[in-house]
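Read the structure below first, then the notes.
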Amino acid sequence: MNNSIVNQIPIDLKKAMLAKEKVKIAALRAIKSAFILENTKEGSSGNIDNNLAQQIILKLHKQRMDAYNIYVEQNRSDLADEEFQQAKVLENYLPKRLSEEEVRSEIKEIVKVLGATSMADMGKVMGKAMNSLKGKADGAIISKLVKEILK
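In the numbering used here, the protein residues as written are 14 to 164.
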């Protein structure tokens, strides 16, 4: 089992502390804290693999982007900027996100393989698409494109 992300965070945190990079420190501490919470959660094996680590970081990234959008709506550019910068730090630990066109072609391939022809097949297509695109695309975009393609 490869724990490279879990092992890399404390190393990067130490480097950020030495360089006095406040935004990076805040983002990495949030990741470290989320990992600790996951390890101490009831029913946890106490071992975080890269897949789970990426899910945790993706959740933190989504929280940062949601906060960013709220701050922008409230005209709080100072706070919005900090949230956006933290989100950028978190992106370094996530797989590259696919463009909408790349997601569309993946979904078309899944539809073809499953032989899906109507909205009745949406559940099957969504299940397969969410598994194969996990961490690479937002669930809302996947859902929107599946509906478009199955119409």
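Beta carbons are placed, not taken as given, at the ideal position from N, Cα and C, and that holds for glycine.
As the structure is a computational prediction, the values presented were derived from the model and not from experiment.
query                                                                                                                             : result
Residue 59 versus residue 50 - alpha carbon distance                                                                              : 10 Å
4-residue-minimum alpha helix (DSSP H) runs that sit fully inside the stretch 120–158, ordered along the chain                    : 135–145
Every unbroken beta strand (DSSP E) inside the stretch 28–88 [3 residues or more]                                                 : none
Helix, strand or coil at residue 105 according to DSSP, with G and I counted as helix                                             : coil
Cβ contact (3+ pairs, closer than 8 Å) linking the stretch 134–141 and the stretch 118–126                                        : yes
Separation of residue 43 from residue 100, as counted between CA atoms                                                            : 11 Å
Exposed unless 16 or more other CB atoms sit within 10 angstroms - verdict on residue 14                                          : Summary for residue 14: the model assigns pLDDT 36, below 50, so the residue's position carries little reliability, and this model does not support an answer.
Supposed contact pair residue 103 and residue 70 - C-beta distance, whole angstroms, cut 8 Å                                      : 6 Å
Candidates 98, 113, 147 and 163, of which the one nearest residue 128 by Cα                                                       : 163
C-beta atoms of residue 107 and residue 152 nearer than 8 Å                                                                       : no
Residue 86 to residue 74 span [Cα, whole Å]                                                                                       : 18 Å
Beta-carbon contacts of residue 160 that lie in its chain and below 6 Å, excluding the five residues immediately before and after : none
Cβ-Cβ distance between residue 150 and residue 110 below 8 Å                                                                      : yes
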